[in-house]
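See below for the structure under consideration.
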Amino acid sequence: MNQHARLDHAPIPFIDVAAQRRRLGRSVDEAIARVLGHCQFVLGPEVRTFEAELAAFCGARHAVSCASGTDALVMVLMALGVGPGDAVICPSFTFTATAEVAVLVGATPVFADVEEASFNLDPDSLRRACATARERGLRPRVVIPVDLFGQPADYDRINPVAEAEDLFVLDDAAQGFGATYKNRRLGALAPATATSFFPAKPLGCYGDGGAVLTDDAELAQVMRSVRVHGEGRDKYDCVRIGLNGRLDTIQAAVLIEKLKIFPEEIVARERIARRYSAGLADIAIVPRLAQGSTSVWAQYTLRLPSGRRDGLMAALKGQGIPTAIYYPTPLHRQGPYQHFPVATGGAPVSERLADEVISLPMHAYLDEGTQDRITEAVRRALA
Ligand SMILES: Cc1ncc(COP(=O)(O)O)c(C=O)c1O
2 MNQHARLDHA PIPFIDVAAQ RRRLGRSVDE AIARVLGHCQ FVLGPEVRTF
52 EAELAAFCGA RHAVSCASGT DALVMVLMAL GVGPGDAVIC PSFTFTATAE
102 VAVLVGATPV FADVEEASFN LDPDSLRRAC ATARERGLRP RVVIPVDLFG
152 QPADYDRINP VAEAEDLFVL DDAAQGFGAT YKNRRLGALA PATATSFFPA
202 KPLGCYGDGG AVLTDDAELA QVMRSVRVHG EGRDKYDCVR IGLNGRLDTI
252 QAAVLIEKLK IFPEEIVARE RIARRYSAGL ADIAIVPRLA QGSTSVWAQY
302 TLRLPSGRRD GLMAALKGQG IPTAIYYPTP LHRQGPYQHF PVATGGAPVS
352 ERLADEVISL PMHAYLDEGT QDRITEAVRR ALA
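For the sequence shown, counting from 1, position 252 maps to 253 in the working numbering; every step adds exactly one.
Here it is as structure tokens:
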């Protein structure tokens with residue numbers, strides 16, 4: 002432990018977007034100024050450039066950028082024609098957007114449980130969720146595994162179930178984009194991968210944004226139509242129901258600059274996560290990375306025995322250290338989702354995790370002194 006760890010109580014940001022902003026300096030200002038110069042604010046040249054660079058970054062053939070991570074998920078479902086009578090299987094321990102998109106297209110979300118070690122979709126529960134869907138007269142069409150907190154779901158175990166059940170795999174990489182699974186980056190692991198550029202995400206912009214990655218040229222083309230009101234030959238040739246789902250040119254310009262430093266930021270996040278784990282593994286359950294996986298550490302999430310969390314949060318708050326609970330209530334227990342099916346066997350792991358998890362400040366610019374202050378405060382509070 003660094004002996005010089007600061008003992009002051011100055012507030013620490015949970016995610017320090019401003020530190021990254023300082024590092025990027027004028028490059029972002031100049032990128033935005035270029036857009037202000039050419040005035041092509043909608044689908045300007047930066048959008049195409051960013052899409053090409055994003056696809057190359059993760060090894061996918063096509064990137065279709067859009068207005069948010071939620072739109073990215075919904076565009077895939079719309080392009081596939083998912084709708085009433087279809088079941089979309091998703092984990093219960095995730096952000097609402099994962100399941101919300103199923104409801105938005107008129108399909109039925111069916112909740113599966115997650116695995117304790119990774120917080121990610123349990124392939125056995127996925128199988129049971131398909132059976133539950135069929136019992137309810139629904140047709141299982143899509144599974145949305147989530148790469149929660151930055152770690153990829155276990156695709157080598159999920160894909161065979163998806164294949165046997167004839168499910169389209171839509172990877173929700175809003176938190177995990179940039180991570181690798183058996184040496185391949187997310188974006189190239191599923192027939193379609195959705196990600197988010199919400200500012201707090203590992204690769205975020207300065208507003209809302211998202212993208213879908215795919216190798217399927219036809220799917221990419223349909224999604225390009227969906228994101229502009231279902232346009233055909235041109236904007237006034239309407240061939241399907243779509244959205245206004247475009248990524249702003251200014252956000253694409255910001256993302257081009259941010260993508261340049263993203264690989265270095267991932268390395269920094271990995272180093273910070275390792276330091277947290279080295280300092281806390283003996284007093285809390287620290288996150289476990291599966292063999293062959295890397296994480297982009299969207300969150301660094303501890304597990305504590307039930308009942309200890311509130312005390313820790315209060316103690317840290319008193320010292321200017323913010324914490325967050327992702328997620329306090331699993332989706333199948335949230336009001337708007339309570340009437341949707343849950344896989345046979347329920348989602349007991351999701352329910353337990355919701356009581357035990359707590360996330361610590363995490364970003365690529367967390368310096369060692371500040372990190373030691375956090376680690377020492379956690380240790381003192383749990384002693
Ligand atoms: C797992 C997950 N999926 C989807 C989304 C939706 O992304 P957005 O906020 O860009 O719509 C988020 C964002 O918080 C997320 O964490």
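Every residue, glycine too, gets a C-beta built ideally from N, C-alpha and C.
- Proximity of the beta carbon of Gly70 to ligand 1 is indicated: a heavy atom of the ligand is located closer than 6 angstroms.
- Excluding the 5 residues flanking it on each side, Asp216 has same chain C-beta neighbours closer than 8 angstroms at Ala61, Arg62, His63, Ala189, Pro192, in chain order.
- Closest in C-alpha terms to Leu44, from the list Ser69, Phe169, Arg185, Ala253, comes Ala253.
- Assigned with DSSP and collapsed to three states, Gly70 falls in helix.
- The three-state reading of DSSP puts Ala253 in helix, counting H, G and I together.
- Here DSSP, grouped into helix, strand and coil, assigns His63 to strand.
- Taken in chain order, the complete beta strand (DSSP E) segments of 3 or more residues contained in the segment 147-198 are 169-173, 193-197.
- Just measuring C-alpha positions, the residue of Leu168, Thr250, Arg275, Tyr182 sitting nearest Ala88 is Leu168.
- In terms of side-chain proximity, the C-beta atom of Asp173 is found nearer than 6 angstroms to a non-hydrogen atom of ligand 1.
- For Pro141, the pairing in a beta bridge is given by DSSP as Ala88.
- Residue range 358-361 is occupied by the beta strand (DSSP E) that includes Val358.
- Cys239 carries a strand assignment under DSSP once its states are collapsed to helix, strand and coil.
- The closest CA to that of Ala118, considering only Ala365, Arg353, Tyr338, is found on Arg353.
- Judged by their CB atoms, Ile267 and Gly179 are nearer to each other than the 7 angstroms cut-off.
- Excluding its 5 nearest sequence neighbours in each direction, Ala325 has C-beta neighbours in its own chain below 7 angstroms: Phe15, Ser360, listed in chain order.
- Checking the DSSP bridge columns, you'll see Ala108 has no partner listed.
- Here the alpha carbons of Thr181 and Ala195 stand approximately 15 angstroms from one another.
- In terms of side-chain proximity, the C-beta atom of Thr194 is found no nearer than 6 angstroms to any non-hydrogen atom of ligand 1.
- Beta-carbon to beta-carbon, Asp172 and Pro146 are separated by about 6 angstroms, close enough to satisfy the 8 angstroms threshold.
- Between the alpha carbons of Leu220 and Ser66 lies a distance of about 13 angstroms.
- Looking at the DSSP output, Thr330 bridges to nothing.
- Between the alpha carbons of Leu260 and Gly138 lies a distance of about 45 angstroms.
- Judged by their CB atoms, His333 and Ser93 are nearer to each other than the 7 angstroms cut-off.
- Gly347 has no beta-bridge partner at all, per DSSP.
- A heavy atom of ligand 1 is found nearer than 6 angstroms to the CB of Val147.
- Here Ile322 carries a coil assignment [DSSP, helix/strand/coil].
- When the five nearest sequence neighbours on each side are left out, the beta carbons in the same chain lying within less than 7 angstroms of the beta carbon of Ala100 are those of Cys91, Pro110, Leu332, Tyr338, in order along the chain.
- Beta bridge pairing from DSSP links Glu232 with Cys239.
- With contacts defined as CB atoms closer than 7 angstroms, Ile322 and Ala378 qualify as a contacting pair.
- Each residue's CA atom was taken as its position, placing Thr376 and Gln320 some 12 angstroms apart.
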